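Everything below concerns the one structure shown next.
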Amino acid sequence: MSKLTMLSRRNFIRVSVMAGGGLLVACGGGSSSSNNNTGTPPNNGGEPTSPAEAFQVGEFMRISTDNKITILVGAAEIGQGALTAIPMIVAEELDADWSQVSGELSPVAANFNNPYFQNLLQFTVASSAIRGYFEGQRSVGAAVRQMLVSAAAKRWGVDPSSLRTESSYVIDDIGGRRASYGELSSEAAQERVPSNPSLKNPADYRIIGSSPQRLDAAAKTDGSFQYGIDVDIPGMLTAVIARPPRFNGQALNVDDNAALAVPGVRGVYTILGGVAVVADDFWAADKGRKALQIQWNELLAGRTDSDTQRDAYNFRLNLPGVPIRSDGLVLLAQTLASETVSADYYFPFMAHAAMEPLNVVVDYDGSSAEIWTGTQSATLDKIFAGLILGLLPNQITFHAMPAGGGFGRRGNPLADYVRDACGVAKQLRQPVKVVWTREDDMKGGYYRPAAAVRVSASIDSANNISAWTHRSVTQDVTALLYAENLLDSLADFTLPPLKELTDFETGMPYKIDNVLMDAHLTVNLNMPALWMRSVNKFSDVFAQETFIDELALKVNKNPYSFRRDLLSEKPRHRAVLDAVADAANWGFPVSGRSQGIAVMGHWNSFVAQVVEVSVSANRELTVHRVVSAVDCGTAVNPDLVIAQVESAVVFALSSILFGEILLEDGVVQQSNFDDYPVLRMHQTPTIETVIVNSGEPVGGVGELGVPCVGPALANAIFGAIGERIRELPLTRSNFKIA
């Protein structure tokens, strides 16, 4: 897409003079919509959120007369560093003094929608924050820089081409003078907005590619950083919700006498999601909830049972599914093969278990509302809030707050936790914070869907893989994410082949002539499933990459060399594979340890990982080391990339070693970190990350570090004890985690 198209198609930026002087840069032309906005708490550990009226032209960036620059960020901040990386992109093209740049989360408004989602949604999933906003933010920064130069040229009566910019100054080397952006800001606001600003050559980047400290680091360190759960406004009450033991149950009879007798409890309200207890503080609300006597109507409640579901999924592996990809003549290749082998895998439901429990603050007075919450799906949350409260978008001020983790849970298209909070607020008509406990989310939330996978391969007389099949059975929610491939293609104004729009796993990279993939997308309206970090790649790549290792053994090849040969037409896959093998000293582990390897490409990025383990005689597993090589095209902030990959390794190991949500007759059996453990510090391996700089367009990183950890670990376990891993978590195979 040309920069001219990007700017003109969306009327991308406009400028005006701020009150008191300075430059106000605006995106698009719509209003963010607002009611009054008094009492607004800080939204990201910095200055208080500006009143919504200040966003009537879609405010995006401010350059004040004191040379300070504030960038408003439309992406969610869920720990990945969007509040740093996106301002870096703008500051690079602006030639700004990074020490004078700050970031704030934007209001929820169409002007801040993610270009990755065709500018339709303010949505932060599918590793789309940086790769979605990258080009547009560059163009804005470049356009404003050009306007500042033009303003300086007019002031000094010189040709703009004779001037240069550096660290928030326009400099006239010939005339021996300079002017700060702050000094020029009001004059620059009078300049014409360039429709096709000149962008920097990446070789000239000064900020992009560097690793300045996160802008939110100090506030997080001293505790002043404001998450959604920290919001506290005058007159606010606190609510917790008693939810049915089985999904979709409804409160039939509620005895609230004991709850109302608890000191501090103000009221008990039945809503669609359960029964809310409202009190002066959390502890009173929670005590009141425990005192409730509720009879539940479970006529339409879910009765999902883990064992029964597993049997059903395994049965469907024997039936042809919906064709996803069909290359060559698989049946003929299988008939002519010397041998065909297969393996079945199973993956249970898993919980997101983000560190900050879900929470929403709603201030609703009957005619308008103000909402604060950490969210990955701000646009949809605001829409559902309006439906529940009976308000138009311009009657709602919605503050997307930083969140202590999301992993997809805060990106629910059905906005469950926002709907529940609005249901409470609608009855209460007083400021209220609705808080989920860990148990609430673990037993009544949304989950990574369970999945069964069967892979098979045929080997010909020359020991080549002549055919490959891959069949998956999973809940239908994951199908929504296959549209990622379509979005990637639309961004480049191309229409890909049908198989690439619906490829069920990773766009399986290996050079195999005959490939058949099909899928069963089951429907279970009584089991809330939702995408979770790395989505279906978690299960499909596990099956693919562990089975590739089995095939390497069958043909007597080293797993690294075997993959490398099959990736002869995939240079970026090969590059990360070579880089990780080199960094991990592949083939020469420390004595007593075993190595495993895996590789994949998705989200416009590529990763290969090596895991090093040892297993004792009593099946005590120690993960010693995880080495990753990552090609994300252009790493805006390499330290943030490394942090994302390291967090993904810890996240993945938690899921692989322990992650399992079990249901018995529709009731979730896990409730907190005592029976749904996550990786502890003493169990965390040495983690090393190598960035492979390909210079390609920006790719995603948030999801990238998860899928290969599992198969690399399973392959290492096989190397240690000769046992294949066919299901997760590893505790099901009686491994003890050191």
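In terms of mature numbering (1 follows the signal peptide of the UniProt record, and there is no 0), the sequence shown is residues -19 to -1, 1 to 719. Note that beta-carbon positions come from the ideal geometry of N, C-alpha and C, so glycine has one too. Since the model is a prediction, treat every value here as computed from it, not as a measurement.
Annotated three-state conformation of W264 is helix, per DSSP. Closest in alpha carbon position to R136, among V121, F115 and R158, is R158. Scanning its chain for C-beta atoms nearer than 7 Å, with the 5 sequence neighbours on each side dropped, one finds around S87 the residues L53, V54, G55 and F93, in chain order.
For T285, the three-state secondary structure derived from DSSP is coil. Going by beta carbons, T450 and A433 fall outside the 9 Å limit. Using a 10 angstroms sphere on the CB of H663, the tally of other CB atoms stays under 16, which defines it as exposed. Only residues of its own chain outside the window of five on either side were considered, and among them G573, R574 and T603 have a CB closer than 6 Å to the CB of S595, listed in chain order. Spatial neighbours of Q127 in its own chain (CB-CB distance under 6 Å, excluding positions within 5 residues in sequence) are listed in chain order as P175 and P178. With respect to Y326, E708 sits close: the two C-beta atoms are nearer than 9 Å. Beta-carbon to beta-carbon, F639 and P552 are separated by about 37 Å, too far to satisfy the 8 Å threshold.
Contact check between the stretch 381 to 393 and the stretch 333 to 340: three or more CB pairs, one atom from each, fall below 8 Å, which counts as touching. K363 is bridged by DSSP to nothing; it lacks a bridge partner. At a cut-off of 3 residues, the continuous stretches assigned as beta strand (DSSP E) that sit fully inside the stretch 371 to 395 are 377 to 382. Assignment of P183 by DSSP, reduced to helix, strand and coil, places it in the helix class. CA-to-CA, the gap between T146 and I152 works out to about 6 Å.
When secondary structure is reduced to three states using DSSP, P688 falls in the coil class, being assigned neither helix nor strand.
According to the DSSP assignment, M489 belongs to no alpha helix (DSSP H), since it is labelled neither H nor E. Contact check for S287 against L506 fails: the beta carbons are separated by 9 Å or more. The straight-line gap separating the alpha-carbon atoms of A610 and S520 is approximately 21 Å. Put simply, the backbone Cα of E85 is about 7 Å away from that of L64. Judged by DSSP in its simplified three-state form, I252 adopts strand.
Counting C-beta pairs with one atom in each stretch, the stretch 305 to 313 and the stretch 354 to 362 have fewer than three that are closer than 8 Å, which means they do not touch. Ranked by how close their Cα comes to the Cα of M42, the residues L75, N618, Y294 and E58 have L75 in first place. The beta carbons of P692 and E531 sit about 11 Å from each other, so the pair does not count as a contact at 8 Å.
One Cα belongs to N299, the other to A324, and the distance between them is close to 12 Å. Scanning V256, A265, D441 and H501 for the CA closest to the CA of Q315 turns up D441. For R195, there is no enclosing alpha helix (DSSP H), as DSSP marks it with neither H nor E. Given a length threshold of 4 residues, each whole run of the alpha helix (DSSP H) inside the stretch 527 to 590 is given here in chain order: 540 to 547 and 552 to 564. It is roughly 7 Å from the alpha-carbon of G62 to the alpha-carbon of L621.
Spanning the alpha carbons of S635 and A170 requires a straight line of approximately 51 Å. With respect to the C-alpha of A350, the residue from A200, I718 and P374 having the closest C-alpha is P374.
Between V(-3) and S161 a beta carbon distance of about 16 Å is seen, past the 8 Å cut, so the two are scored as non-contacting. Assignment of Y427 by DSSP, reduced to helix, strand and coil, places it in the coil class. Note: L602 is bridge-paired with V596 and I718 in the DSSP secondary-structure output. In the three-state DSSP reduction, S520 falls in the helix class (H, G or I). The residue from V679, S45, G700 and L5 with its alpha-carbon nearest to that of W584 is V679.
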